[in-house]
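First up is the structure itself, then whatever we jot down about it.
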Amino acid sequence: MIDTHAHLMFPEFEEDIGQVILRAKEAGISGIINVGCGAEASRKSVEMADGQFLFASVGLHPYDSLEVTEDLMREWEELAKNDSNIVAIGETGLDYFKSDIDPEKQQHSFRLHLELAKSVDLPVIVHNRDADEDCLKVLKEFPGVRAVFHCYGSNLDFARAVWEAGYLTSFTGIITYPNAEDLRKVVVEVPNEMFMTETDCPYLAPQTFRGKRNEPSYVAEVVKKIAEVKAMDVSEIDKISTENAERFFGLE
274 MIDTHAHLMF PEFEEDIGQV ILRAKEAGIS GIINVGCGAE ASRKSVEMAD GQFLFASVGL
334 HPYDSLEVTE DLMREWEELA KNDSNIVAIG ETGLDYFKSD IDPEKQQHSF RLHLELAKSV
394 DLPVIVHNRD ADEDCLKVLK EFPGVRAVFH CYGSNLDFAR AVWEAGYLTS FTGIITYPNA
454 EDLRKVVVEV PNEMFMTETD CPYLAPQTFR GKRNEPSYVA EVVKKIAEVK AMDVSEIDKI
514 STENAERFFG LE
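Each residue of the sequence shown is one higher than the one before, starting from 274 at the first, in the working numbering.
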């Protein structure tokens, strides 16, 4: 199993990061994408990466869209070209639900990240909240850029459009929540080659651990739920999701 979206540089993990990583390994996790979501978080992600178990991404969350500059993109371009531990750009994207930043400014930041991804030939981790059509429209301006809609939370019709465009969807512990029936319908239909698993820790702990800090070892709960919903063996979902992640992030 691979946790394709964690934030281990966050303060919530400061006290016991060693134990968190050990528990992940004991739970059968073979790798973690430690996702940057701001300039400082991205710096820490690169610093923590070992290229064997922990991998880095660099990006600005839509909440931080106003911080984007051409200089920062050039800095990350140089970094990504010279550091093989950086395996993705992001998370970046659009958030029309929580962010009060003008949509056009968010889209500007998103486009600069996509240009960066194209330049360094890395995939993009997309944050999308209440911005389905704009997210897909902007992505399609950059043919050839690989992308995953992380923490997928939109409806089945949009998921079909995402898959048809060649982009992946990644599922979190949300799919284990009792009120997530609509999302489980997406899981039922997702083609085997179009999904990955993640925790988005420290947030969104699966139902079994609801209310606690989420951590990479809990991605096993996501794998189990996907297997249950798709009526497949856990080992099959483990293998499929791991191979998808290895292929997407170039970890093979």
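C-beta atoms are modelled at their ideal positions from N, C-alpha and C, and glycine is treated no differently.
- Message: Pop quiz: residue 411 and residue 363 are said to be a contact at Cβ under 8 Å. What is the actual Cβ separation, rounded to whole angstroms?
- Response: Counted from its first residue, the sequence shown places residue 411 at position 138. Counted from its first residue, the sequence shown places residue 363 at position 90. About 13 Å separates the two Cβ atoms, so there is no contact after all.
- Query: Which runs of the beta strand (DSSP E) fall wholly inside the stretch 316-357 and span at least 3 residues, in chain order?
  - Reply: 327-331
- Query: Which value, in whole angstroms, describes the spacing of the CA atoms of residue 397 and residue 451?
  - Reply: Reading the sequence shown from its first residue, position 124 is the one you call residue 397. Reading the sequence shown from its first residue, position 178 is the one you call residue 451. Answer to the nearest angstrom: the Cα atoms are 30 Å apart.
- Query: How long is the line joining the alpha carbons of residue 415 and residue 479, rounded to whole angstroms?
  - Reply: Working through the sequence shown from its first residue, we reach residue 415 at position 142. Working through the sequence shown from its first residue, we reach residue 479 at position 206. For residue 415 and residue 479, the distance between alpha carbons rounds to 34 Å.
- Taking residue 471 and residue 342 to be in contact with their CB atoms under 8 Å, please state how far apart those CB atoms are, rounded to whole angstroms. Residue mapping note: residue 471 aligns to position 198 of the sequence shown, counting from 1. Residue mapping note: residue 342 aligns to position 69 of the sequence shown, counting from 1. That belief does not hold up - the Cβ atoms of residue 471 and residue 342 are roughly 28 Å apart, past 8 Å.
- Message: Can you find the residues in the same chain that come closer than 8 Å, C-beta to C-beta, to residue 385, ignoring five residues on each side of it along the sequence?
- Response: For the purposes of this step, residue 385 is taken as the residue at position 112 of the sequence shown. Once the five neighbours on either side are set aside, the close Cβ partners of residue 385 are 341, 343 and 346.
- Item | Proximity winner among 500, 368, 481 and 334, relative to residue 402 (alpha-carbon distances) | Locating residue 402 in the sequence shown gives position 129, counting from the first residue. The candidate whose alpha carbon is nearest that of residue 402 is 368.
- Using only alpha-carbon positions, find the residue among 333, 350 and 392 that is nearest to residue 366. Here residue 366 is taken as the residue at index 93 of the sequence shown, counted from 1. Residue 333 is the option with its Cα nearest to residue 366.
- Query: Apart from the five residues on each side of it in sequence, which residues of its chain come closer than 6 Å, Cβ to Cβ, to residue 390?
  - Reply: Locating residue 390 in the sequence shown gives position 117, counting from the first residue. So the list reads 362, 397 and 418, once near-sequence residues are dropped.
- Query: Would a C-beta distance cut-off of 8 Å place residue 511 and residue 496 closer than the cut-off?
  - Reply: The count along the sequence shown starts at 1 and reaches residue 511 at position 238. The count along the sequence shown starts at 1 and reaches residue 496 at position 223. Yes, they are a contact pair.
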